[in-house]
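From first to last, the protein sequence lines are chains A and B. Heads up: the first sequence begins at 302 in the numbering used here, then just goes up one per residue. Heads up: the second sequence begins at 34 in the numbering used here, then just goes up one per residue. For glycine and all other residues, C-beta sits at the position ideal for the given N, C-alpha and C.
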Amino acid sequence: MNTPNQTEILLVEDSQDDLDMTLRALRKANMANHIQTARDGAEALEFIFCEGAHAGRKIENIPKLILLDLKLPKIDGMEVLKRIKGDPRTKMIPVVVLTSSKEQNDVIESYGMGVNSYIVKPVDFESFAAAVKNLGMYWLLLNQPPQA
Amino acid sequence: MNNDHRNENVTDSEARTEQAILRTKQAEVRTEQANTRTDEANTRTKRAELRTEKAETSEQRMRASELSYRRLFEAARDGILLLDVGTGRITDVNPFLVELLGFSHDEMVGKTVGELSPFKDIESNKVMLERLQKDGYVRYEDLPLETRDGRKIAVEFVSNVYQAGDKKVIQCNIRDITERKQVETDLNRLAAIVESSDDAIMGKDLNGIITNWNKGAEKIFGYTSVEMVGTSILRLIPGDRQEEENHGMENIKRGKSVEHFETLRQTKNGRLINVAITISAIKDATGEIIGVSKVAHDITDRKMAEEKIRQLNVELEQRVAERTAELEVANKELEAFSYSISHDLRAPLRAVNGFAGIVLEDFSPQLPEEGKRYLERIRAGALRMGVLIDDLLAFSRLSRQSVNRQAVDTNKLVQNVLDELKPQRDGRQLEIKIGELPACHGDAALLKQIWVNLLSNAIKYTCGREPGIIEIGCAHKNGEDVFSIRDNGAGFDMQYANKLFGVFQRLHREDQFEGTGVGLAIVQRIVHRHGGRVWAKAEVNRGATFYFTIGEAKS
Chain A
302 MNTPNQTEIL LVEDSQDDLD MTLRALRKAN MANHIQTARD GAEALEFIFC
352 EGAHAGRKIE NIPKLILLDL KLPKIDGMEV LKRIKGDPRT KMIPVVVLTS
402 SKEQNDVIES YGMGVNSYIV KPVDFESFAA AVKNLGMYWL LLNQPPQA
Chain B
34 MNNDHRNENV TDSEARTEQA ILRTKQAEVR TEQANTRTDE ANTRTKRAEL
84 RTEKAETSEQ RMRASELSYR RLFEAARDGI LLLDVGTGRI TDVNPFLVEL
134 LGFSHDEMVG KTVGELSPFK DIESNKVMLE RLQKDGYVRY EDLPLETRDG
184 RKIAVEFVSN VYQAGDKKVI QCNIRDITER KQVETDLNRL AAIVESSDDA
234 IMGKDLNGII TNWNKGAEKI FGYTSVEMVG TSILRLIPGD RQEEENHGME
284 NIKRGKSVEH FETLRQTKNG RLINVAITIS AIKDATGEII GVSKVAHDIT
334 DRKMAEEKIR QLNVELEQRV AERTAELEVA NKELEAFSYS ISHDLRAPLR
384 AVNGFAGIVL EDFSPQLPEE GKRYLERIRA GALRMGVLID DLLAFSRLSR
434 QSVNRQAVDT NKLVQNVLDE LKPQRDGRQL EIKIGELPAC HGDAALLKQI
484 WVNLLSNAIK YTCGREPGII EIGCAHKNGE DVFSIRDNGA GFDMQYANKL
534 FGVFQRLHRE DQFEGTGVGL AIVQRIVHRH GGRVWAKAEV NRGATFYFTI
584 GEAKS
């Protein structure tokens with residue numbers, strides 16, 4: 302799944318089911334190129350900050366979008382979000398929380414840390430696919446990021 | 034009294050020589066001791082008789098002594114009556130008695146003592162005379178009299194028989210003891226109060242030596258008055274508190290009139306007791322402090338009660354703190370539980386729904402129609418489970434959510450809710466009648482949830498009615514506003530009314546009217562959290578009416 306060129310999307314998701322469905326939805330929307338996956342918070346941070354297995358990566362090559370689940374093994378999504386938004390090198394990366402949680406506390410806390418979008422994964426498969434497609438369209442195609 | 038007036042009488046009286054002689058003899062007796070105690074009167078009479086004999090020998094001396102007796106008679110601060118020894122009739126009255134009784138000299142002279150109204154209680158003239166003959170004197174220690182103007186007085190009444198020359202005469206001395214008696218009564222009363230008090234009342238001098246010790250003190254401290262009077266007050270004061278005594282005394286000496294404090298004292302058997310002490314200065318007539326009075330009240334019981342209350346409060350606070358901590362833990366656990374449900378239960382449902390959907394999408398051509406229908410039902414089942422989880426979470430969240438009461442415009446709220454329910458109303462023939470709805474005091478968001486649930490139920494269960502009629506109103510009953518939502522829908526059998534507000538309890542099948550059975554449970558919980566009530570009346574196929582109150586705001 303590693304891409305030779307620049308990573309467009311970092312998908313942080315521990316559930317294989319959700320991962321497969323998300324990837325399928327992105328594929329159906331023709332946005333499946335250049336996707337990096339991380340299965341827990343620690344792996345996500347290693348990739349983003351070019352540490353461990355990703356020590357050779359250049360931090361300047363920031364992904365265009367990070368899709369972040371909140372409930373993750375090792376380091377949870379909230380901590381990952383905090384580290385991304387707390388570092389000047391990475392804080393410009395759009396982060397979309399894509400989670401099962403409808404808890405208002407999670408929503409409020411995420412926005413407080415500068416999340417760019419908060420999306421609750423719908424149980425309904427078609428709604429889920431549509432949501433993934435739409436957010437990919439918006440952040441990768443419509444949104445105009447600042448020049449690096 | 035006014036001596037000038039008396040002097041006039043002196044000259045008048047010189048004519049009455051016979052009486053004067055008699056008086057002269059007695060005067061010598063009285064001269065020695067004008068206000069003599071009557072007990073001694075008898076012996077004096079004897080002496081007087083002796084002197085009388087001598088006096089007769091000298092005319093000059095006699096005249097002089099007569100004059101001096103007369104002055105004493107006139108000026109005496111006791112009442113004096115002179116009686117004829119034979120008849121017992123009054124021969125003379127001194128001015129003091131005239132003044133004391135309110136009868137004039139002339140009104141009294143010539144009468145017997147018993148004939149004078151003030152003396153009506155005295156024994157008969159005859160009896161008195163006989164006793165005088167026999168004993169030489171009669172004495173009444175405390176004789177009640179009533180003066181002419183009705184004033185009640187007490188007198189000491191003493192009669193003596195004197196030999197005056199060849200004649201005997203009776204002199205009655207009448208002393209007003211009313212005031213003295215009153216003082217005695219007052220003193221006795223005070224003494225009785227002090228003696229009967231349950232409090233310890235003690236007197237001590239400036240050196241702390243006990244001078245007075247009442248029964249209360251005996252009871253509280255265990256020492257008798259014999260044991261304590263004359264000894265130091267320090268016997269009662271525990272060793273580590275002896276400084277207290279000096280401190281209190283210093284304050285009193287410095288002019289502080291009263292000192293109050295609570296402290297410990299030691300009883301005879303060594304027990305320590307709690308006492309409330311009041312110290313005040315005892316001053317003599319010149320205002321100089323000569324001692325201290327000390328009143329000690331045993332407050333051991335009160336102190337024990339206070340201590341008990343304090344302990345109970347500590348225990349109570351501790352228990353409240355423990356309970357609060359337990360509740361906090363339980364709440365945290367519940368939150369974690371809900372969070373976990375919110376995340377973890379939904380994920381597999383998404384997989385069930387998702388992969389069934391993927392199979393349908395990717396492998397549709399290979400599937401028989403029946404297979405596709407089953408896959409659709411798998412997806413629907415998962416979706417429904419998702420809704421159940423959401424509703425259950427919403428319901429459980431209600432117990433943790435605080436109720437923030439504020440004034441709520443019910444008319445506006447109901448209108449907003451109906452607007453929001455427009456998608457549900459679309460395509461339906463509905464008559465919605467809204468009556469006068471009073472404002473209420475409750476949590477706006479929670480109240481809205483009540484109306485959403487009840488109105489969407491009304492819309493749902495009138496499905497198939499042409500038209501569906503929904504009436505929203507409010508009645509003021511027994512001091513509270515009762516809101517009501519009436520519909521002409523499916524209604525329900527009242528025998529199942531008890532199940533109406535239970536979680537996941539439904540009175541209709543899912544294929545008749547969809548729903549999870551949480552809506553009314555949520556309504557009830559919100560109503561209860563406001564301190565209100567909710568109930569319903571219905572009839573199968575004739576509609577249902579839901580009623581609720583939201584209680585009063587607690588101040």
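Shortest Cα-Cα distance from F129 (chain B) to any of B:I203, B:V515 and B:L105 involves B:L105.
No residue range can be given for H335 (chain A), since it is assigned to no beta strand (DSSP E) and is classified by DSSP as neither H nor E. The DSSP-derived three-state label of M235 (chain B) is strand. With a cutoff of 8 Å on beta-carbon distance, S375 (chain B) and L426 (chain B) are scored as near each other. In the DSSP annotation of this structure, the continuous segment of the alpha helix (DSSP H) that includes H138 (chain B) starts and ends at H138 to M141. Taking a Cβ-Cβ cut-off of 7 Å, the neighbours of E404 (chain A) in chain B comprise Y372 and S375, given in sequence order. I391 (chain B) has a beta carbon lying within less than 8 Å of a beta carbon in chain A. The beta carbon of M161 (chain B) is closer than 6 Å to those of V171 in its chain, skipping five residues each way along the sequence. Rounded to whole angstroms, the Cβ separation of F534 (chain B) and L553 (chain B) is 5 Å, and the two are in contact under 8 Å. Taking a Cβ-Cβ threshold of 7 Å, none of the residues of chain A is close to N437 (chain B); the smallest such distance is about 15 Å. When B:K237, B:R274 and B:A569 are compared, the shortest CA-CA separation from M261 (chain B) is found for B:K237.
For V171 (chain B), the enclosing beta strand (DSSP E) stretches over residues Y170 to E179. Against chain A, the CB of G419 (chain B) has a partner CB under 8 Å away; the residue lies at that interface.
Shortest Cα-Cα distance from L176 (chain B) to any of B:Q196, B:K201, B:G564 and B:I207 involves B:I207. Taking all protein chains shown into account, K455 (chain B) has fewer than 16 neighbouring C-beta atoms within 10 Å of its C-beta and is therefore exposed. Listed along chain B, the residues sitting closer than 7 Å to E427 (chain A) by beta-carbon distance are G390. Every unbroken stretch of the beta strand (DSSP E) spanning 3 or more residues and falling wholly within the segment 373 to 403 of chain A is given here in chain order: 396 to 400. Note on V450 (chain B): 16 or more other CB atoms within 10 angstroms of its CB, so buried under the neighbour-count rule.
The C-beta of V424 (chain A) comes closer than 8 Å to at least one C-beta of chain B. Residue environment analysis places R498 (chain B) among the buried positions, since at least 16 neighbouring C-beta atoms fall within 10 angstroms of its C-beta. Per DSSP, the continuous beta strand (DSSP E) segment holding K316 (chain B) begins and ends at L305 to K316.
For D388 (chain A), none of the residues of chain B pass the 9 Å Cβ criterion, the least Cβ distance being about 27 Å. Taking all protein chains shown into account, V573 (chain B) has fewer than 16 neighbouring C-beta atoms within 10 Å of its C-beta and is therefore exposed. For Y372 (chain B), the enclosing alpha helix (DSSP H) begins and ends at T333 to S373. Within chain B, no residue has its beta carbon less than 8 Å from that of M414 (chain A); the closest one is some 18 Å off. Identification of chain B residues near D319 (chain A) by a Cβ-Cβ cut-off of 8 Å yields A380, R383 and A384, ordered along the chain.
A direct Cα-to-Cα measurement between C351 (chain A) and I360 (chain A) gives close to 6 Å. S401 (chain A) has a beta carbon lying within less than 8 Å of a beta carbon in chain B. When the Cα atoms are used, A358 (chain B) and R352 (chain B) turn out to be separated by approximately 10 Å. Cβ-Cβ distances below 6 Å link G460 (chain B) to nothing in the same chain once the five nearest sequence neighbours on each side are left out. Contact note: A478 (chain B) does not reach chain A at a C-beta cutoff of 7 Å; the least C-beta distance is about 12 Å.
Partner residues in a beta bridge of V447 (chain B), as assigned by DSSP, do not exist.
In the pairwise beta carbon analysis, the segment 492 to 506 of chain B is classified as not touching the segment 559 to 566 of chain B: fewer than three pairs are separated by under 8 Å. Contact note: A415 (chain B) reaches chain A through V424, using a C-beta cutoff of 8 Å and chain order. Against R325 (chain A), the close residues of chain B are I391, in the order they occur along the chain (beta-carbon pairs closer than 8 Å).
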